[in-house]
Amino acid sequence: MFNYVFQTFGRQWRQQLFGSGGFLIAACAFLLLNATTQTIVFQARTIIGQNWRPTYDLVVLPPGTKNVGSQQVVPPDHLTDLNPGISFQQYQQIKQLSGVAVAAPISFIGNARFPTPSIKFGTQNMDPGFYALTWKLSADDGVHQQNEYQRHELIYASDVKCSGFTCALSPQVQQSLNRLGVDTYFFPSRAPYFTGIPHPGTFLLAAIDPTAEDQLVHLKQSITSGEALPIQDHLQVDPQVPTVTGENIANVYPNYQIPVLLNQNLSGSITMQAIFTHLQTSSSDPQVLAAQHDASYLPSVPGQAVFTGLVPIPQNDIQLFHTGSSLNQQGAAIQVENYGENAFSLNLVSRPSNVEYQLMPGKAPDGNPAYQIKPVPFQADQNEEYQGNALAFRSIQPLPGIMYQDTLYIGDGAGSDYNTTGYTVYNNAGYQVVTTGLFDGHKLSAGFADALNWLPENTYTPSQTVLSYDANGKPLAPKILQPTTYTQGLTLQSPLALTTMTAARQMLGDTCINVIRIRVAGHISPDENGWKQVARVAQLIHERTGLQALVTLGSSPRPTLVYVPGVAAGELNYRQSIPPLGWVQERWISFGAGLLYLQQLGVTQNVLLSGVLLVCLAYLVLNLSSLVTAQRRQFAILSAVGWRPWHPPLAFLIQVVLMALSGGIAGLLLALGLTLLIGAAIPWNLVLWTLPGILALALISLLVPLWQLWRVRPLELLRSGSRVVRGSQRTLPFQLPTALSMTLRNLARSRWRALILLVSLFCSSGLLTLTLHGILTLRQTLQGTLLGDFVLLQTAIPQLCGVLFTMILAVLSLADLLIMQVRERQQEIGVLQALGWRPGMIRGMFLQEGLLLALLGIVPGIGAALWIVLAQKQYLPPLTVAEVAVTVLLLLLAGVLVGILPALRVINRLSVLQVLRAE
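Residue numbers for the sequence shown follow the numbering used here, beginning at 80 and rising by one.
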C-alpha cells in the first residue's frame, strides 16, 4: 500500500502538487490572517489599555445636569458645570463610600477683581500745566487684536507750593478746571502724578480640597515657590485688619484671610498701553484758559510725550498679583517696585455660566451634525468697563449676599480722581487674599494632557477652541482662540487662584461644589469587567446621594465643529452688528469610546477567523474531491484485482496526511516569513497548533472524498468512456446555444464537484465581504475620536494586509480549483477537439462555466454575509450597497483574471494526439 502511495506521488506529481498546494494555501492563509487579525487586536487593545484610565474614573455632577448615557458625545462644558449644586455633606458621604480612593471636589466661586496697581508718571517738580493720559487695553483673542477698553483723562499739574503734606486748590481754580473738562489734578512739588491703572479686570477664583487634589493630579509637585494650601477647618481672622465696617459704622464684620495658590502661567495675551503727554497750551493758568475756551479746547491741543509704552498689569505679570507691587516711570520704561505685600481685599463681582449649544439643520463642513453656540444678551450692568465689540455667550450671574462695597480713591483729586473698590462685605464678612505660593500650571497640566484620553480640566487649563472654517464653510489656517478680559466671551479663563473648600463654604454656603472627580480604588482592567467595576461605584454614589455620576473610563475627545454666529444691530441689546466668527473645533467627549472599540474588535476577530476556517475547509474538500476523481479508475482497478474495500480509503488517507504535512510545513514557513516581512506579531500559540489544525482540517475534509470512494463501482468505471449519464439527465427541457448547453450539461454531470466548488466560492465571497465590512466598520467606528484615529494609524498596515490575504485566499482557491478541473477533463477536451470543436469554442465553454460558477457561488455568499451582518446589527452596522458592489466586482475580476485565464492557457497547451493516446 505504501509502495502504491509513493508511486502515485511519482506518476501523478502534478495532481499531488496541487493537493499539497491546497494545504499550503490553507496553512499560510490561516496563519497570516490570524497574525494580522491578532496584530490589529493586540495593538488596538494595547493602545486602548494605555489610555483606558484618564485623570479621573468618575465625575459627579450637580442636580439638574442633563443625563448622559454611555457612548454619548457631550461638550466639554458638561463636565465642568459652573452652577454649584453639590453639598459639602454629599461630598463627605462620597469620600467614605467603599471603592472610592480619591474624591476631589471643585468649587468655581466666582469672578473677583484683580488688585489695582498704582503708578507714578513723570517726575517730582515736573512742569506745571495741563497733561493728558490715554489708556488702551488690548487683547489678542487668537484671531484679532481686540480693543476692549479705552480711557482718556485730562490732568492739571498745579504750581501751588505745598505746605508739608497739605495741598489745596482755591474754589475759583477748581471751577475753572471743571469748565475746561479737567478730570483730576496733582501737585508736582510734592510728587509725580500718582494714580491707579484702570480696568483691573477679573480673575476666576476656585476652591479645592488640597489633600485630594494632590492625590489626583500631584499638585504639590508643581509648586514653584511658597507653600501648598493649608488644610483648614475654619478661616483665620486677619491679624492686621481683624474687622471691616459696613454701610453704617455700627455694622462691624470679621475680616477673614483667604489663602490662595496662584497659577504662574497667565492665560491669554492682554496688554495695556499708556500715553502721558504734556499739552502745549497757551497758558498754564486754568482761570485764563477758562475765560477764553470751553471743554472742547484741551482735547484739541497738541502735546509733548512724557511717556508712551506698555504698562505691566496683573493680567500679564503675576508679580503684580503676588507681591502687591506698584509701578514707577523711570525715563522711557516702567519700573516695578515690590514692597513684599502679598495680601489684598477680595472683591467678588460675578459668577460665570456655561454656554448653550443648539443643533442646527444640515451638516457641518466636515459632514458631521452641525451645532451652534447660542448667543445671550449683552449685560451692560455686569460689564461696565468693557468697551469691546464681542458677542456674549455666557450669562453673568451677580453674586448674592454683597452687603457693602467700600470705595477707594487714588490720587490727589479726591472724588475726581481714579477710584476702585476697597473691600467688599459679603455674607457677613470681609475677605483678605493671602498668597501662599505659586504653581506651574503648564507642568501640572502636562500630567493629564494626553490628547487620546483628555478630559476637561478647566481648573488648570482652558479647553482648547480652534477656529477652522469661516462662516461660509471655507477652510482656514487653524487658530487657537484665547481668553480675553470679557467675562461673557466664548473662551473662559481657567482659575488663576485656588483656595480651600472651607473658604468656599464661607462665601457660598454649604451647597458650593460644582463637580467631584473620583478615582476608584483597586486595579481597573481595560475591558468590560473594569467598566462594570467603576459603574457599580457610580451606581452606589447615585443611590446614596441622588447625584449623577458619569463613568469616564475609555473616554476620548471627539473633535466637533461648532458654529459661532453673529447678531444684527438692535438684536439682544447690541448697539451694532457683530459678524459671525465661523466654525470652531472643540474637544467634545465621547463616553465609553474605548469600550465600544473593544467590543468591535472582538466581533471583527471572531467573524474573520470563523470565515477563514470555513473557506479553508471548503477549499480542501473540493481539492481532495478532485484528487479522488482523478484516481477513481486506479482505485477501481485495484479493487478488481483483490484490494479489500477499506484499502483504497486507507491509501487515500495516507496520501492526504503526507500532502497535509508537506503543504502545511511549507505554508507555515511561508507565513512566518511574510509575517516578519510586514512587521506583524507572530502568534506563537497558533504556530504550534497550525500543523495539528491542518491535519484536523484534512481529516474533516476527507469525509466527502471518502464517501465518494466508498461509492466507487469498479465495473462502471472500467467501462469505456466517461461517466454514464442517466436517462433523465440526457436532455434539457429547452433548447440552448451549443456552448451554453454543454456548460450546463457539464455542470449537471459533475454536480458534486460543481456543488463543492460553489460552496468554496460561497465561503470565499462571504469571507471577503465580511472582511471588507469588518475592516470598514472598524475604521468607521474608530474614526472621529482622537483615540480611535490613533488606533487606526497604528493598525493601518495589518488591516490592509488582512484584506489582501483574504483576497489572495479567495482568488488562489478559485484559480487552483479551475486549473485542476481543466486537467481532470483533458480526455473530454481531446474528444471535443477531435470532433471538430475549435479552441475558441472550448475556451468559451470553460469561460462560461467559470463565470456561471462564480456568480452562483458569489451572490449567495454575499447574501449570507449580509444576513450575518443584519443578525448582528447590535454590533455591526448594515452593509452598504457600495461595499457589496465592490466585493462582487473584485471577486469576479479576480476570479476571471487569476482563475479562468490560467485555466484557458492550460487548454491551449493540450495536444489532442497526446490526450487520445493516453486514453
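All C-beta atoms, glycine included, are put in the ideal place defined by N, C-alpha and C.
Contact between the stretch 347-360 and the stretch 158-166: three or more CB pairs below 8 Å?
-> no
Taking Cβ to Cβ, would you say ILE397 is nearer than 8 Å to ILE287?
-> no
Taking ASP220 as part of the alpha helix (DSSP H), name the residues at either end of that continuous run.
-> From DSSP, ASP220 is part of no alpha helix (DSSP H); its letter is neither H nor E.
My understanding is that SER634 touches ALA672, with C-beta atoms under 8 Å, so please give their C-beta distance in whole angstroms.
-> 6 Å
Please work out which residues of its chain come closer than 7 Å, Cβ to Cβ, to PRO155, disregarding the five sequence neighbours upstream and downstream, and give them in chain order.
-> PRO535, SER542, GLU665, ARG666, TRP667 and ILE668
Taking ASN334 as the reference, give the member of TRP763, ASP606 and GLN585 with the closest Cα.
-> GLN585
Return the residue from the list ARG258, SER268 and PHE400 that minimises the CA-CA distance to CYS246.
-> SER268
Is DSSP giving ARG230 helix, strand or coil here?
-> strand
Around the C-beta of ARG654, are 16 or more other C-beta atoms found within 10 angstroms, so that it is buried, or is it exposed?
-> exposed
Is there a Cβ from chain C that is less than 8 Å from the Cβ of ARG598?
-> Absent from the structure: chain C. Only one protein chain is present.
Which word fits GLY625, buried or exposed, when buried means at least 16 other C-beta atoms lie within 10 angstroms of its C-beta?
-> exposed
Report the rounded CA-to-CA distance for SER780 versus LEU693, giving the unit in angstroms.
-> 11 Å
Where the beta strand (DSSP E) through PHE665 begins and ends = Residue identity check: residue 665 is Glu in the sequence provided, not Phe. Element bounds for GLU665: 661-669.
Which of the three DSSP states, helix, strand or coil, is assigned to GLN117?
-> helix
Straight-line Cα distance separating THR387 from ALA370 = 32 Å
At which residue ranges does the stretch 343-388 contain complete beta strand (DSSP E) runs of 3 or more residues, listed in the order of the chain?
-> 348-358
Segment contact flag, the stretch 581-596 with the stretch 165-184, C-beta cutoff 8 Å, min 3 pairs | yes
Taking THR281 as the reference, give the member of LEU737, LEU703, ALA291 and SER573 with the closest Cα.
-> SER573
What residues match up with GLY305 in a beta bridge as DSSP calls it?
-> GLY516
What did DSSP end up calling PRO605 once you bin it into helix, strand or coil?
-> coil
Under the rule that 16 or more other beta-carbon atoms within 10 Å means buried, what is HIS297, buried or exposed?
-> exposed
Run the CB neighbour count on ALA384, radius 10 Å, all protein chains shown included, and call it buried at 16 or more, exposed below.
-> exposed
Can you tell which of ILE559, PRO644 and ASP606 has the C-alpha that lies nearest to the C-alpha of PHE472?
-> PRO644
Within 10 angstroms of the Cβ of GLY446, are there 16 or more other Cβ atoms? Answer buried if so, exposed if not.
-> exposed
Range of the contiguous beta strand (DSSP E) that encloses THR578 | 576-579
Between the stretch 614-625 and the stretch 132-145, are three or more C-beta pairs nearer than 8 Å?
-> yes
Candidates PRO939, LEU837 and PRO562: closest to THR848 by CA position | PRO939
Rank VAL428, LEU834 and LEU314 by C-alpha distance to the C-alpha of ALA583 and give the top, closest one.
-> LEU314
Does the stretch 402-417 come close enough to the stretch 186-201 to have 3 or more Cβ pairs within less than 8 Å?
-> yes
Is the beta carbon of ARG132 sitting closer than 8 Å to the one on ILE595?
-> no
LEU341 in three-state terms, based on DSSP | strand
Rounded to whole angstroms, what's the CA-CA distance from GLY305 to LEU517? Just pull it up for me.
-> 6 Å
Leaving out five residues on either side along the sequence, give the residues of the same chain with a beta carbon under 7 Å from the beta carbon of PHE813.
-> For PHE813, the pLDDT reaches just 45, beneath the cut-off of 50, and the residue's location in the model is therefore unreliable, although a value from the coordinates is still provided. Hits under 7 Å: none found.
How many Å lie between ALA550 and LEU308 at the Cα?
-> 46 Å
Within the same chain, show all residues whose beta-carbon is closer than 7 Å to that of ARG805, passing over the 5 residues directly before and after it, in chain order.
-> A caution first: ARG805 carries a pLDDT of 45, below 50, which makes its placement in the model too unreliable to give a value.
Output the distance between the C-alpha atoms of THR213 and GLN229, rounded to the nearest integer angstrom.
-> 7 Å
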